[in-house]
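Visitor:
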Amino acid sequence: MNPRRLRATVLALALTIALAAWIWTAQPDHRVGAATPPPSAPVAVLPLPNPEPEQAREAVQAVALSEDDHAFLQQLRIRFAPVMGSQHARIRLLEQLIAYLKAHYPDGWEAQLRAMLNALFPELAEALLAQFHKLQSYTAWLELQRSTLQGLSPQQRRQALWAARLSAFGNDAEEIWAAERRSERLVDALAAVDTATGLTAQEKLGAYLAAIHDNYGDHADRFLEQRQTEIMNRFISLETVQAELQALPDAQRNALLGELRAQLGMGPEALQRWSSLDQSRDQTWASGQRYMQERARILAERPREQQEAELRELRSRHFSEEDAAIIRDEEAAGFYRYGRSRRIGRE
Amino acid sequence: MNKGLFLAATLATCCMVAPATARDANKTLYPIVFAHGMAGFNDILGYDYWGDDYGVFVLDPCDEWGEYYCNHDINAGQKSFVASVTPFQSSEVRGYELYQDILGYMASSGAQSINLVGHSQGGLDLRKAAKLLHTNKGRNVVKYGVSISSPHRGSPIAKHVWNLGPGVQSVVAALAEFYGDIVYGSGNDAYGGLKQLIHDDISSSDGVITGTKAFNTSYPASTTYIARPRSFLTAQQGSSMNPALYIVNEYFHNPDADGYATTDANGDGALGTGNGNPSDTDDDGLVGLNSQQMGYRLQWSECYGCLDYVYERTDTGYVSNLNAPPSIAMTSKKWVINQDHLDVVGVPPDTFDEMEFYAALTDYIADNGY
Chain E
52 MNPRRLRATV
62 LALALTIALA
72 AWIWTAQPDH
82 RVGAATPPPS
92 APVAVLPLPN
102 PEPEQAREAV
112 QAVALSEDDH
122 AFLQQLRIRF
132 APVMGSQHAR
142 IRLLEQLIAY
152 LKAHYPDGWE
162 AQLRAMLNAL
172 FPELAEALLA
182 QFHKLQSYTA
192 WLELQRSTLQ
202 GLSPQQRRQA
212 LWAARLSAFG
222 NDAEEIWAAE
232 RRSERLVDAL
242 AAVDTATGLT
252 AQEKLGAYLA
262 AIHDNYGDHA
272 DRFLEQRQTE
282 IMNRFISLET
292 VQAELQALPD
302 AQRNALLGEL
312 RAQLGMGPEA
322 LQRWSSLDQS
332 RDQTWASGQR
342 YMQERARILA
352 ERPREQQEAE
362 LRELRSRHFS
372 EEDAAIIRDE
382 EAAGFYRYGR
392 SRRIGRE
Chain W
16 MNKGLFLAAT
26 LATCCMVAPA
36 TARDANKTLY
46 PIVFAHGMAG
56 FNDILGYDYW
66 GDDYGVFVLD
76 PCDEWGEYYC
86 NHDINAGQKS
96 FVASVTPFQS
106 SEVRGYELYQ
116 DILGYMASSG
126 AQSINLVGHS
136 QGGLDLRKAA
146 KLLHTNKGRN
156 VVKYGVSISS
166 PHRGSPIAKH
176 VWNLGPGVQS
186 VVAALAEFYG
196 DIVYGSGNDA
206 YGGLKQLIHD
216 DISSSDGVIT
226 GTKAFNTSYP
236 ASTTYIARPR
246 SFLTAQQGSS
256 MNPALYIVNE
266 YFHNPDADGY
276 ATTDANGDGA
286 LGTGNGNPSD
296 TDDDGLVGLN
306 SQQMGYRLQW
316 SECYGCLDYV
326 YERTDTGYVS
336 NLNAPPSIAM
346 TSKKWVINQD
356 HLDVVGVPPD
366 TFDEMEFYAA
376 LTDYIADNGY
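Chains as they are written, first to last, in this note's numbering: chain E, 52 to 398; chain W, 16 to 385.
1. Please report the straight-line C-alpha distance between Glu-161/E and Leu-152/E, rounded to a whole angstrom.
2. Mind the definition here: the stretch 270-281 of chain W touches the stretch 332-350 of chain W only if three or more C-beta pairs lie below 8 angstroms; say whether that holds.
3. Could you tell me the boundaries of the alpha helix (DSSP H) in which Lys-174/W lies?
4. Any idea what DSSP makes of Gln-251/W, helix, strand or coil?
5. Roughly how many whole angstroms lie between the Cα atoms of Leu-322/E and Pro-300/E?
6. Mind pulling the chain E residues with CB within less than 7 angstroms of Thr-225/W?
7. For Ile-213/W and Gly-226/W, which I take to be in contact (beta-carbon distance under 8 angstroms), what is that distance rounded to the nearest angstrom?
8. List in chain order: all unbroken beta strand (DSSP E) runs of 3+ residues lying wholly within the stretch 100-175 of chain W.
9. For Ala-229/E, name the three-state secondary structure that DSSP assigns.
10. Pick helix, strand or coil for Arg-245/W, following the three-state DSSP scheme.
11. Tell me whether Thr-238/W is buried or exposed, calling it buried when 16 or more other Cβ atoms sit within 10 Å of its Cβ.
12. Check whether the stretch 86-94 of chain W and the stretch 110-123 of chain W are in contact - that is, three or more C-beta pairs closer than 8 angstroms.
13. Looking at the structure shown, is Glu-327/W part of a helix, part of a strand, or coil, going by DSSP?
14. Leu-118/W versus chain E: which residues are under 7 angstroms apart at the beta carbon?
15. State the DSSP-derived secondary structure class of Trp-65/W, mapped to helix, strand or coil.
16. For a contact meaning CB atoms closer than 8 angstroms, what does Leu-147/W contact in chain E?
17. Identify every run of the beta strand (DSSP E) within the stretch 204-238 of chain W, keeping only runs that are complete inside it and at least 3 residues long; order them along the chain.
18. Grab the span of the alpha helix (DSSP H) containing Ile-380/W for me, first residue to last.
19. Please name the residue, chosen from Arg-368/E, Glu-290/E, Leu-193/E, Ala-383/E, that lies closest to Ser-220/W on a Cα-to-Cα basis.
20. Using the beta-carbon of each residue, which ones in chain C are nearer than 9 angstroms to Phe-123/E?
21. Please list the partners that Pro-364/W has in chain E, where partner means a Cβ-to-Cβ separation under 9 angstroms.
22. So what's Glu-382/E in DSSP terms, helix, strand or just coil?
23. Which same chain residues, not among the five before or five after Gly-84/E, have their C-beta less than 7 angstroms away from its C-beta?
24. Are the C-beta atoms of Glu-276/E and some chain W residue less than 7 angstroms apart?
25. Using Cβ-Cβ distances below 9 angstroms, what residues of the stretch 145-163 of chain E are close to chain W?
26. Indicate the three-state DSSP secondary structure (helix, strand or coil) for Arg-312/E in the structure shown.
27. Contact check, Arg-245/W vs Val-351/W under 8 angstroms by CB: the rounded distance?
28. Does Leu-20/W come within less than 7 angstroms of chain E when only Cβ atoms are used?
29. Using beta carbons (cut-off 7 angstroms, strictly below), is Glu-369/W in contact with chain E?
30. Exposed or buried, which one is Gln-147/E when buried takes at least 16 other CB atoms within 10 Å?
31. Please confirm whether Gly-133/W and Ala-250/W have their CB atoms less than 7 angstroms apart.
32. Show which residues of chain E have a CB atom less than 8 angstroms away from the CB atom of Gly-125/W.
33. Note down the Cα distance separating Gly-361/W from Gly-136/E, rounded to an integer number of angstroms.
34. Taking 7 angstroms as the threshold (C-beta atoms), are Gln-279/E and Ser-123/W in contact?
35. Please state whether the Cβ-Cβ distance between Gly-15/W and Ser-135/W is less than 7 angstroms.
36. Would a check of beta-carbon distances place Thr-280/E closer than 7 angstroms to chain W?
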């Protein structure tokens, strides 16, 4: 059986198995109760398929390159020559080559690849071709294992993905997915500060910032400057940080928020804008809470036929005309923004 | 080291770490804010969603000496913000949360206006956020509002899952199949999220009015709120699709979603109808073509070896009233990107070059004044 047919057969078989597994494992919970995840069970992740057999590589026929091909290769050469030492850059180069070849040689793009690589970087062609086969192997594994991977916990999924990457690419995987690895470390650091006991919010943020500096090194300050709000949002959304903020009176809470933002490197102007936003949000939220109390009273005490008129009048007292219309639409859709727990620092 | 030698060494080292490019995307006047789709927010800062397949954020500028893991196609001064909202919720909830996130970002950055890019349900969320921002500031804050693969007029797959159609035994399990166990997280409402993506109010007896039809009336693609509403459309068919979407299309439900009607004429959960052929590349696995256009369509043109291009196209009409688009906006396949619903974000495996696509979009927004 030729390799292409073999791959197609394996893919079809795996899809059928995945389909059967999905149907078999689905639970009839339609429109009942709160959603709970199915119990986790040990899941076997299939090993990575072998890369393209050697004889299949040799069977590839080199094809003459067109003028367009050469022009494209020249662009790639300019773009990638300075960074070919990076394994990530090599994968990016291969991806761009594959996209070009699929568009220009849809029926024989793989056959063209060797010729393109030889013309592009002759001294690296074999290494790049080997990298291509590893990428193909990893991608095929990813497609076959998609359903299984989805069923894993985030930690298990991460382990399975890295095992497959390391199996396919060896230590190069660390370089190819370096950005993802860095993000994972920050996720872990954030989870660790959330559960750390005996630390104040400032100390927790300090620990998180230290993790950012460890991961980003010389680029940490720039990263913090660029992604200040995202980092802030993730940090103050932590359960333990929210609990600390919720427990404080308005003035102390806003002071703490200001300290955390300053700790993140926000300047005086940004802190002033945030202070104004905090005060505005506090006022809006307090008004919203009163609205919800009065709304509940109307619904409990007033005859049904009078409720809508009284609710309309209530909304007009608490909100501007535009806001009142939005609140009305939200409630019609079942959303009560002031009826849920406030996310301090986020609303 | 003398000055000349130092300069030469610096230049040589610089060339060793940063790829040269034929043309960088221009910097936008206002920051670009990203609004993710259903689920969407997995790991740190949303980078998994708005990243390439290797975890590099699509608008991370290469603005420091020696920086490599960044988008080499964008301007070093490009500003952006990644919003995060509850993964599974109605767009009433998510749009409100997006609005609050944007207020926070404006406080941090001092930005007075923004460009807003939303994928999938994020394209609905951005309309609500734009209206709330207008109400709060008393002026138009959102300049470009660009939706990508968004079910503005409903999704046949949402209705199929809701109805427990063939292959679906549980709403939550089906969503977990698409998106993973994130659906089970606290604060999520899988049913609310799904009802949002069905055009008509799904039930007259549940005490609430849901669906895109009502949402579109409340939060229109009005230039009062979004100076320039625009949209990318995606559609794909066959084995190039993401395996999850391929399975859905091949075995469970392949939407026929490129026909015009003023109602949900075929009852599939989306405004419009089909043309009798569900296999003619009229959906991207989750959303049909007739649901995706808002304002003018955008064309993405891939450029091999150089920065891609984005063009505004007017020949498929302009959708100002999302509940009553012109026929051509629901039926034309022009300028549709041949990718599935998940290709255009960082969900592997795919061959789509997210870095170049978002660089080209950035360039388009910048070149058009915002």
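Just so it is clear, CB atoms sit at the ideal spot from N, CA and C, and this is done for glycine as well.
Guide: In brief:
1. 8 angstroms
2. yes
3. 171-177
4. coil
5. 19 angstroms
6. Ala-384
7. 5 angstroms
8. 129-134, 157-163
9. helix
10. strand
11. exposed
12. no
13. strand
14. Leu-328
15. coil
16. Ile-377
17. none
18. 369-382
19. Ala-383/E
20. Looking for chain C here will not work: the only protein chains present are E and W.
21. Tyr-189, Thr-190, Ala-191, Leu-193, Glu-194, Arg-197
22. helix
23. Any reading at Gly-84/E must be qualified, since the residue scores a pLDDT of 32, below 50, and its modelled position is unreliable; the value itself is stated next. None.
24. no
25. Glu-146, Gln-147, Ile-149, Ala-150, Tyr-151, Lys-153, Ala-154, His-155
26. helix
27. The Cβ separation is near 14 angstroms, so there is no contact.
28. Residue confidence is low: Leu-20/W scores 41 on pLDDT, short of 50, so the model does not pin down where it sits. Its coordinate-derived value is still stated next. Leu-20/W does not count as touching chain E.
29. no
30. buried
31. no
32. Glu-320, Ala-321, Arg-324
33. 25 angstroms
34. yes
35. The question about residue 15/W has no answer here: the residues shown for chain W are numbered 16 through 385.
36. yes
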